[in-house]
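Colleague:
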Amino acid sequence: MKYLRFVILFIVFIGMVIYLSTTGTKEYTENNKILKNGVVFGGTVADIKISNNHGFGILSVNVSNSTVKEFSKKLEHGIYPYQINGNQAEIYLPIFIERQIGDSVKLDSDKQIIYYKGKKSKDEGEVYIITEPTDIDFVKENTLFK
1 MKYLRFVILF IVFIGMVIYL STTGTKEYTE NNKILKNGVV FGGTVADIKI SNNHGFGILS
61 VNVSNSTVKE FSKKLEHGIY PYQINGNQAE IYLPIFIERQ IGDSVKLDSD KQIIYYKGKK
121 SKDEGEVYII TEPTDIDFVK ENTLFK
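Residue numbering for the sequence shown follows the UniProt record's numbering, beginning at 1 and increasing consecutively.
(1) Quick one: complete beta strand (DSSP E) runs, 3+ long, within the segment 12 to 85?
(2) Which residues in the same chain have their Cβ closer than 6 angstroms to the Cβ of Thr134, if we skip the five residues on either side of it in sequence?
(3) Ile95 to Ile11, Cα distance in whole Å?
(4) Please report the residue range of the beta strand (DSSP E) in which Ile91 lies.
(5) Are residue 149 and Val139 close, meaning C-beta to C-beta below 7 angstroms?
(6) Are the Cβ atoms of Thr44 and Asn65 separated by less than 7 angstroms?
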């Protein structure tokens with residue numbers, strides 16, 4: 001009898017995990033569909049600000065080429081992972097690998113990818129809608145575009 005209760009609880013737990021993970025995946029996919037908007041820009045990193053929340057940060061970029069002059073759309077839930085105003089842009093994302101001022105970056109919103117070319121490394125990362133309240137607050141407090 002004791003083992004039967006354990007087995008039933010374990011099955012219920014597994015069911016909840018599967019349900020929550022599929023629901024979260026659908027929400028993530030739906031949120032990021034709006035990133036297919038034709039925005040592509042590149043430039044050099046001018047400043048880096050990192051929060052105390054798992055390496056989330058802001059890359060300030062001097063834009064050298066862009067498909068749009070301005071981009072600062074608002075969302076009901078979350079924020080876009082970038083803003084552009086003329087030749088200045090900001091990219092909001094976790095910064096796990098050491099980035100340096102002067103590194104080249106290129107962001108392609110349709111592909112949800114950011115390409116990095118630095119003095120020490122060349123790699124790419126993912127961009128996505130920022131929904132974490134702590135990260136959104138960090139952006140609001142530290143953005144150039146107030």
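Even for Gly, the Cβ is constructed at its ideal location relative to N, Cα and C.
Modeller: Result, derived from the coordinates:
(1) 40 to 50, 56 to 66, 82 to 85
(2) As a first step, residue 134 must be located in the sequence shown, where it is residue number 134. The residues are Asn53.
(3) For this step, residue 95 is matched to residue 95 along the sequence shown. For this step, residue 11 is matched to residue 11 along the sequence shown. When rounded, the distance between both Cα atoms is 38 angstroms.
(4) Residue mapping note: residue 91 aligns to position 91 of the sequence shown, counting from 1. Here the beta strand (DSSP E) through Ile91 covers 88 to 94.
(5) Coverage of the chain is limited to positions 1 through 146, which leaves residue 149 absent and any answer about it impossible.
(6) Counting from one through the sequence shown, the residue named residue 44 turns up at place 44. Counting from one through the sequence shown, the residue named residue 65 turns up at place 65. No, the Cβ-Cβ distance between Thr44 and Asn65 is not below 7 angstroms.
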